[in-house]
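Chains as they are written, first to last, in our numbering: chain A, 5 to 784; chain B, 16 to 218. Note that beta-carbon positions come from the ideal geometry of N, C-alpha and C, so glycine has one too.
Structure (structure tokens):
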């Protein structure tokens, strides 16, 4: 029977292993995107979709500033840098020099509508100023030594059209165009902007490697110039690198620690190898389950998976402990019968704990739960099905020596530590840590999710300061029933933002309505020009004539205005022109629910609160603030998680009370409950704020901690061997999660720290179950 | 055949050496003056206008800080031209600033204009094919033809003439319009006056 089961499972393991090997060689995708970690954060599904689209769009873009004390050296270095990047296929497009300014194309789109187009400043001037201001304007345009801008004198004598064209946000504010390069100077350094677009996803490991290699080659070509960089690919590559070293440290550390512990406890190689076999099967099963469910592994899952070693080894440890306890009377089948109830309860509570993670709706936690559930089931199945066939001989070493100390320790506890002493210990600890708990603070910052290298953060903030170019995770989503109303709502929003811009709190606003004013605005402009300039009493004819314009030029200018009546530039016409290519992402168009939508991107702003205040009360306008949404989400889930923890505690108590009686259940739950209080108290004393991930860690502490109480209580008759089993289990788990606390990802670090402290307390308090004589007598 | 070739080369070589030397001499000469003041008279012939447009005024050129372009007639105004912006100050004190450095297509205008005033052949050579004639003592002439097709769409050629200082600029636009600026009463100084400094630094 044992043999048959073993053969069947061995076959299954071989299939599992070859499938895992296949996946490994095929290179299953590793996901690094932060967005993939989170459930939808926006109430409006359109906003959620736009956030994703912008993230993909912006994610492919890298921005570099090539700097040198000498402007000329900076420029030539930037050109060499861009040329080298352009040679690599991983970049679809690299731009240092601006494309030639295509005035004919600009005029082709705008010139037919020139009487309908006014810059905001010119419109204000026309409304306020009288004839004298127009006269000065005309004279300035005629006499300026610098010529007359982008338009001809005959077509645009007053320069209103030139004013509109110059107000288009075609350049980057703050960046001067020198030798067709975007340049900025600060503290004796000149910087040149180079932008590059990836040919693939910034979260694709292969793309990351190629891009980073190309960039470092290009950096060498830039010589002694400084190269500042920002862009998703840099952060994603850094995150992947950090996770890789996390996996190495946690994986190797756990393996080494577990090996040493098993060798020390059981004194031979066979338990060690069999233990590692069960863990290996578990890890393969976990990884395969995740890839089969999600198609890819998230970075967090990978790191967490490495720490699962310490938990997966527990099942075989229980089995080895039973072998230790039975000494020379060891019989594989009997031994299995002996540990099976404990193993089943342990697996069930763990699965329950991870199922709770799955219910949170966090994709990342759900993935971790899938990994852990499949992994633990695989390890447990291997222990139950395969190990009995491979471990038939009794322990060869004399186990008496190994057991002497634990036996004595257990006997001492049962004799000396009575029920009241146990209660006193727990109450004392709870009272000690209660003030810490009360001082506990919460943290829901989005930075919990990532901790980019400070060096990259510094470069990003330098680039943002110098260029105003930054992330676009905060923007306005504008919606309206028609395209024209949409443009009008954008204009209403922009006029609310104008004071911020004038006050220097906002560098610029990107919006389609800057390029295409609404039909209403265009007609108002046309009427304004007519009233203040073209109309007979307004005096354009007289002014132009006095300035020396030929009669036919004057007539043509005045007639042009009449002919332009109602000739409105439409957003479709603008979108059809190549001019709009860099800005097309702003226009979502028909949003699929009978309306139109667009986004308005504020750049170089100081405060999100000011933006939100400015837009307050505008119809169809919503500020989408991804970081704030994420923080709100984390806060909500932290609160939900804390509530769920209490519910789970009550639920577990109910189950135990049903099996062990009211006071017996209390005795078993008390150590873990006290451990939870001590853990949050410790956090409070240490000034470590409580996070959603710490709450999830507490949930697992509850699951794992209960195991120790149950193991110890169920194994009490087996004496020291049970203690060895529990202590070994706890040590391996502490080792793995302790190493997880060293993770460079803040979420995992906090998760690991919680487990380290929580399980530490739980295992220290678990022996209190031995003090309940009523329980010892009453149970089974 | 070979002898003819040698002869041609011998004849050509000194001429081009002389041209380079002249450009260098002009540049050196301008470098030596921190501040230059002059009167100017600007004539524009524009197709849309019946008669040429005449503008007169004064110019203050600071090697370090930029250009003040005072227009006296037909109306009073000052253009303050710095590195990255041009501010127009009307007779009523109203200022209009134009950050042309950020504007594609216009960013070069200010740069080229200032390079013309100081005959900065290095910058001019980025935009134009420069031909030089004459010498610093007896008078010289620079002929500028746009290098790029894009610039050539708007501009046909520019001629700059001068001796110790720059004396005239002739601009021919592609559409037939033309501008001629003549400088008189040229003198150099070592520093700016206080009011001039206020204008240039206050931009």
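Query, Result
"Tell me which same chain residues have a C-beta within less than 8 Å of the C-beta of residue 107/A, skipping the five on either side of it?", "154"
"Give me whichever residues DSSP pairs with residue 148/B in a beta bridge.", "156/B"
"Over what stretch of residues does the alpha helix (DSSP H) that includes residue 645/A continue unbroken?", "630-664"
"Please classify residue 297/A as buried or exposed, where buried requires at least 16 other C-beta atoms within 10 Å of its C-beta.", "exposed"
"Sort out for me which residues DSSP pairs residue 72/A with in a bridge.", "194/A"
"Between residue 305/A and the rest of its own chain, which residues show a CB-CB distance below 8 Å, the 5 nearest in sequence each way excluded?", "294, 368, 371, 372, 375"
"Cβ closer than 8 Å: which chain D residues qualify as neighbours of residue 183/A?", "The question asks about chain D, but that chain is absent: this structure's protein chains are A and B."
"Are the C-beta atoms of residue 600/A and some chain B residue less than 9 Å apart?", "no"
"State yes or no: is the beta carbon of residue 581/A nearer than 9 Å to at least one beta carbon in chain B?", "no"
"Going by DSSP, which residues form a beta bridge with residue 161/B?", "143/B"
"Verify the CB distance criterion: does residue 147/A have a CB-CB separation below 9 Å to chain B?", "yes"
"With 9 Å set as the bound, which would you pick, yes or no: does the beta-carbon of residue 189/B sit closer than that to a beta-carbon of chain A?", "no"
"Could you check whether residue 79/A and residue 194/A sit closer than 9 Å to each other, using their CB atoms as the reference points?", "yes"
"Which ranges would you report for the alpha helix (DSSP H) in the region 696-781 of chain A if only whole runs of at least 4 residues count?", "696-718, 724-744, 750-769"
"Verify the CB distance criterion: does residue 82/A have a CB-CB separation below 9 Å to chain B?", "no"
"With residue 426/A and residue 775/A assumed to form a contact (beta carbons below 8 Å), what rounded beta-carbon distance in angstroms separates them?", "4 Å"
"Can you tell me whether residue 109/B is helix, strand or coil according to DSSP?", "coil"
"Excluding the 5 residues flanking residue 185/A on each side, which residues of the same chain have their C-beta closer than 7 Å to its C-beta?", "79, 82, 100, 101, 196"
"9 Å is my cut-off, CB to CB: does residue 564/A come that close to chain B?", "no"
"Listed from N- to C-terminal order along the chain, which residues in the region 540-552 of chain A have their beta-carbon within a distance smaller than 7 Å of any beta-carbon of chain B?", "552"
"Indicate whether residue 694/A and residue 444/A have their beta-carbon atoms separated by less than 9 Å.", "yes"
"Got a sec: is the Cβ-Cβ distance from residue 84/B to anything in chain A below 9 Å?", "yes"
"Using the Cα positions of residue 176/B and residue 128/B, report the straight-line distance between them to the nearest angstrom.", "14 Å"
"If we cut at 9 Å on Cβ distances, does residue 105/B have a partner in chain A?", "yes"
"Secondary structure at residue 97/B, three-state DSSP: helix, strand or coil?", "coil"
"Check the Cβ of residue 163/A against every Cβ in chain B and list those closer than 7 Å, keeping chain order.", "Going along chain B, no residue has its Cβ under 7 Å from residue 163/A, so there is no contact; the nearest lies around 11 Å."
"I need the straight-line Cα distance from residue 52/A to residue 11/A, nearest angstrom please.", "51 Å"
"For residue 638/A and residue 748/A, I'd like the C-alpha separation in whole angstroms.", "19 Å"
"Roughly how many whole angstroms lie between the Cα atoms of residue 682/A and residue 647/A?", "18 Å"
"Return the residue from the list 700/A, 127/A, 669/A that minimises the CA-CA distance to residue 661/A.", "669/A"
"Going straight from the alpha carbon of residue 261/A to that of residue 736/A, what length do you get?", "7 Å"
"Which residues bound the beta strand (DSSP E) around residue 334/A?", "Element bounds for residue 334/A: n/a, residue is neither H nor E."
"Where does residue 112/B land, buried or exposed, given buried means 16+ other C-beta within 10 angstroms?", "exposed"
"Keeping to the same chain, check which residues put their C-beta closer than 6 Å to that of residue 180/B; ignore five residues upstream and five downstream.", "201"
"Counting only runs of 3+ residues fully inside the region 174-248 of chain A, write out the beta strand (DSSP E) ranges in chain order.", "180-182, 185-190, 193-202, 230-235"
"Determine, using beta carbons only, whether residue 143/A comes closer than 9 Å to chain B.", "yes"
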